[in-house]
Amino acid sequence: MGGALLRLLGFCFWAFLWLSSFVAVDAVGASPPAGASKGTAVVDGTTAIAVTDDDFVCATLDWWPPEKCDYGTCSWGLASVLNLNLSNKILLNAVKEFSPLKLRIGGSLQDKVIYGVDPQQPCTPFIKKKSEMFGFSQGCLPMHRWDELNGFFKKAGAVIIFGLNALNGRVHLPGGSLGGPWNSTNAASFIHYTVNKGYTIHGWELGKSHVPFRFLTS
290 MGGALLRLLG FCFWAFLWLS SFVAVDAVGA SPPAGASKGT AVVDGTTAIA VTDDDFVCAT
350 LDWWPPEKCD YGTCSWGLAS VLNLNLSNKI LLNAVKEFSP LKLRIGGSLQ DKVIYGVDPQ
410 QPCTPFIKKK SEMFGFSQGC LPMHRWDELN GFFKKAGAVI IFGLNALNGR VHLPGGSLGG
470 PWNSTNAASF IHYTVNKGYT IHGWELGKSH VPFRFLTS
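Quick look at the structure:
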């Protein structure tokens, strides 16, 4: 029934566009202001004035946990990289409709993510801590969750851009800034895991979108 409804809506939309190919706009009964002349505008809906490419539509899948609140509202819920319901058919079909959707995995907490590539090390979630940058502790991406995400990406036909943990290994300096080199060991192991699994990543991002960053395409 849902498919029939969508087809019906699609036909109605097509019929509307066909009937609206030529639309006349006339300000009936309106008196033009001083110095203006009354007229008729004709819109030709059959001619395209611009064409967008596959890079036009993009989205971000963020890391914020449910405890993230702004101005008294905790709006993130179960919508992050770590807890999004990947079995939701509505979500899957929505992403498919925008294929190839550029899907960026990132956000403020991307710099505090540790990738759980070492089974000997604990893989703990983000914990709310006011004393920490962005108000949360370091968190971990388990590899079984990364496997699930890539299964979803493949089904949906999404093109993935992944933001790496650019603050890993850096130390706090007086004044609140960070210094020292980036410890890329964990990120390198994560990239190797991804490559060995055969997962396709369109690009790797180093640094968040609101600061200078490097973007590497694979």
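Numbering of the sequence shown is given in the numbering used here, commencing with residue 290 and proceeding in unit increments. Every residue, glycine too, gets a C-beta built ideally from N, C-alpha and C.
Decide if residue i is buried, meaning its Cβ has at least 16 other Cβ atoms within 10 Å, or exposed.
i: F249; result: Limits of the chain in this structure are 290 at one end and 507 at the other, which puts residue 249 out of reach.
i: T483; result: buried
i: E494; result: buried
i: S369; result: buried
i: P463; result: exposed
i: G379; result: In the sequence as displayed, the identity of residue 379 is Ile instead of Gly. Its Cβ having fewer than 16 others within 10 Å, I379 is exposed.
i: V331; result: exposed
i: P322; result: exposed
i: P411; result: exposed
i: A339; result: exposed
i: I450; result: buried
i: T489; result: exposed
i: H481; result: exposed
i: N472; result: exposed
i: Y360; result: exposed
i: K486; result: exposed
i: S377; result: Looking at the sequence itself, residue 377 is Asn, so the reference to Ser does not match. Looking at its Cβ environment, which holds fewer than 16 other Cβ atoms inside 10 Å, N377 is exposed.
i: A455; result: buried
i: I403; result: buried
i: K357; result: buried
The beta strand (DSSP E) that contains residue i, what's its start and end?
i: L350; result: 347 to 350
i: W493; result: 492 to 495
i: G440; result: Careful: G440 lies outside any beta strand (DSSP E), inside the alpha helix (DSSP H) at 432 to 445.
i: L453; result: 448 to 453
i: A330; result: 329 to 333
Taking only beta-carbon positions, decide if residue i is within less than 9 Å of chain C.
i: P355; result: No chain C appears in the structure shown, which is made up of a single protein chain.
Residue i and residue j: beta carbons closer than 9 Å?
i: D407; j: S466; result: no
i: G452; j: Q399; result: yes
i: G395; j: W352; result: yes
i: F441; j: L381; result: yes
i: R393; j: A337; result: no
i: P354; j: G405; result: no
i: V460; j: H491; result: no
i: N457; j: A445; result: no
i: L390; j: L438; result: no
i: M432; j: K401; result: no
i: L232; j: L371; result: For residue 232 there is no data in the structure shown, the boundaries of the chain being 290 and 507.
The alpha helix (DSSP H) with residue i in it runs from where to where?
i: I480; result: 474 to 485
In terms of DSSP beta bridges, what is residue i paired with?
i: D342; result: D342 is not bridged to any residue.
i: C429; result: I403
i: T336; result: T336 pairs with nothing; no bridge assigned.
i: V460; result: G468
i: T362; result: D359
Problem set entry | Ranges of the beta strand (DSSP E) found wholly within the stretch 373 to 417, counting only runs of at least 3 | 391 to 394, 402 to 405
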